[in-house]
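Chemist: Chains as they are written, first to last, in the working numbering: chain C, 1 to 238; chain S, 239 to 476.
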DNA sequence: GTCTATAGTCGGATAGAC
DNA sequence: GTCTATCCGACTATAGAC
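1) Along the alpha helix (DSSP H) that carries residue 128(C), what are the first and last residues, could you check?
2) Taking three-plus beta-carbon pairs below 8 Å as touching, is the segment 184–203 of chain C in contact with the segment 103–117 of chain C?
3) Which whole-angstrom value is the C-beta distance of residue 308(S) and residue 264(S), which I expect to be below 8 Å?
4) Residue 209(C): buried (16+ other C-beta within 10 angstroms of its C-beta) or exposed?
5) Give a yes or no on whether the minimum CB-CB distance between residue 452(S) and chain C is below 8 Å.
6) So, for residue 180(C): in the same chain, excluding its five sequence neighbours on each side, which residues have a beta-carbon less than 6 Å away from its beta-carbon?
7) Note down the Cα distance separating residue 101(C) from residue 346(S), rounded to an integer number of angstroms.
8) Let me check understanding here. Comparing Cα to Cα, which of 64(C), 44(C), 169(C) and 84(C) lies closest to residue 155(C)?
9) Taking Cβ-Cβ distances shorter than 9 Å, what residues in chain S pair up with residue 245(C)?
10) Per the contact definition of three or more C-beta pairs closer than 8 Å, is the segment 374–387 of chain S in contact with the segment 164–183 of chain C?
11) Give a yes or no on whether 8 Å exceeds the smallest Cβ distance from residue 236(C) to chain S.
12) Quick one: using the 10 Å Cβ neighbour count with 16 as the cut-off for buried, is residue 63(C) buried or exposed?
13) Quick check on this structure: which residue in 121(C), 176(C) and 235(C) has the alpha carbon closest to the alpha carbon of residue 157(C)?
14) By the DSSP assignment, the alpha helix (DSSP H) with residue 315(S) in it spans what residues?
15) What's the C-alpha gap between residue 459(S) and residue 359(S)?
16) To the nearest angstrom, report how far apart residue 425(S) and residue 357(S) are at their CA atoms.
17) Could you run through the segment 380–398 of chain S and flag, in chain order, every residue whose CB is less than 7 Å away from some CB of chain C?
18) Looking at the C-beta of residue 196(C), does it have a partner C-beta in chain S at a distance below 8 Å?
19) Leaving out the 5 sequence neighbours to the left and right, which residues in its chain are closer than 7 Å to residue 7(C) when beta-carbon positions are compared?
20) For residue 4(C), count neighbouring Cβ atoms within 10 angstroms of its own Cβ and tell me buried if that reaches 16, exposed if not.
21) Looking at C-alpha atoms only, which residue of 218(C), 72(C) and 94(C) is the closest neighbour of residue 131(C)?
22) Please compile the residues from chain C whose C-beta is within a distance smaller than 9 Å of the C-beta of residue 428(S).
23) Whole-angstrom Cβ separation of residue 76(C) and residue 32(C), contact assumed at under 8 Å?
24) State buried or exposed for residue 337(S), treating a residue as buried only when at least 16 other CB atoms are found within 10 Å of its CB.
25) Just by C-beta distance, which residues in the segment 363–374 of chain S are closer than 7 Å to chain C?
26) Looking only at its chain, what residues have a beta carbon closer than 7 Å to the beta carbon of residue 285(S), apart from the 5 residues adjacent to it on each side?
27) Would you give the residue range spanned by the alpha helix (DSSP H) that residue 404(S) belongs to?
28) If you draw a straight line from the alpha carbon of residue 104(C) to that of residue 343(S), how long is it in whole angstroms?
29) Compare the C-beta of residue 120(C) against all C-beta atoms of chain S and say whether one is closer than 8 Å.
30) For residue 116(C), go through chain S and note every residue whose CB falls closer than 9 Å to its CB, in chain order.
31) Helix, strand or coil for residue 104(C)? Go by DSSP, reduced to three states.
32) Anything in chain C within Cβ reach of residue 462(S), meaning under 8 Å, just list it in chain order.
33) Looking at the C-beta of residue 108(C), does it have a partner C-beta in chain S at a distance below 8 Å?
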């Protein structure tokens, strides 16, 4: 852990060796910012946990805000990479006029992948608190615009167009937007309210089987809701 | 606003006149704690906004934590008072074996009243950020246990028993608990993610008509889901 | 490129006058 | 019961040695 590649031979090809230290600081900072919030997480603690000295943060990120921004960028990059396959598939599907069944299936896949990312995968769980904070509108308004631009807007837009095509309504009516928020809110509840959930259920740890159970419940509800939307829209039209 | 009842005649009957100042400090502190969080909201700012001097907070609440606790108690008291009618009705209903239609109706009423409290009523909207913070598991673990004890547990318990009776399953299986969390999460999404919602919809303010629109969408979804649960449970049994 | 030492600021809490 | 003045600690950021 403290090893961190040989110190001798400080790389002469212009290729920054400090990238490794930089990444380690970011990975240390993300859970701390998530748990304590921007203000309460002290740079001293982050530096200590990352095994570097306080001024190193100034050196790599200019300021505490710079570090926070870097954390957000790190998360945004990995999330958008992980969601790319489903999002791409959904966008291709939206071009042609697919059956409701197919559209609903893709919507469920999308939520399922998001659930994996936010609840299941152990390597990404450390991001969850910071993302939850930002989504709740807390946080210093540094990261949220960035996250929106990088993947939240796209994700939300795809959901709206899917629901629009399922119901035959326009994708950008308040009606559709609100229904998408409510539908996806079911997953959000577990993501943001993870702490409440654990105590409510009497679970002490968050095992993978729990995560899979949650995912199945949420996807089941979403499928139910989407079919209901589809049917009610059809009877309205007919 | 700065009037605050005549100062002369400082009440001699042992009846604390300071109660009024105390209440004003709490009502000032709640939105500040909600917006900035426990650490970042400074006692100086709270005191200044409330029109008192910093040491007054020490005098009335002992410490910053004491003030936070007092804020939580203030909210808990009013929320449990406001929810009492529906909760009482639901609990009476759970004694007898009512029709699914009636049970679903009560569940919807319950969510509807909660939505009024969290989104619609102007006098209670200042509580929303602090409640959202606590529900997200952020906050200094001072208020959440208190809020749970005072109304969250009861509310959640009633929802679980309603769903249990609707589906004919037990109220305390993980199955039922998770479904209740997912169902209610739809309201939570608007409560906690209020900021995201406003920007997504392009709304600049949060008008009462918006709140009513959101409430109708959420209640509609919940009714759909509860009926689906009821039917699927019946076919399982039959 | 990484460290030690320190400056400057702001927070919560306390003491004592009125 | 309310105010002024002050203490002490913690934080971020900087300067300069190695």
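We put the beta carbon where it would ideally sit given N, CA and C, even for glycine.
Modeler: According to the structure shown:
1) 128–135
2) yes
3) 6 Å
4) exposed
5) yes
6) 159, 160 and 163
7) 29 Å
8) 84(C)
9) The structure shown does not extend to residue 245(C), since chain C spans only 1 to 238, so no value can be given for it.
10) no
11) no
12) exposed
13) 176(C)
14) 302–333
15) 22 Å
16) 9 Å
17) 394
18) yes
19) Below a pLDDT of 50, predicted positions are generally treated as unreliable, and residue 7(C), at 33, falls in that range; the measurement from the model is reported next regardless. None.
20) Unreliable placement is indicated for residue 4(C), whose pLDDT of 35 sits below 50; no coordinate value is reported for it.
21) 72(C)
22) 178, 181, 182 and 185
23) About 18 Å separates the two Cβ atoms, so there is no contact after all.
24) exposed
25) 370, 371, 373 and 374
26) 291, 292, 294 and 295
27) 391–405
28) 28 Å
29) no
30) Here the premise fails: no neighbours, minimum Cβ distance about 17 Å.
31) helix
32) 224, 225 and 228
33) no
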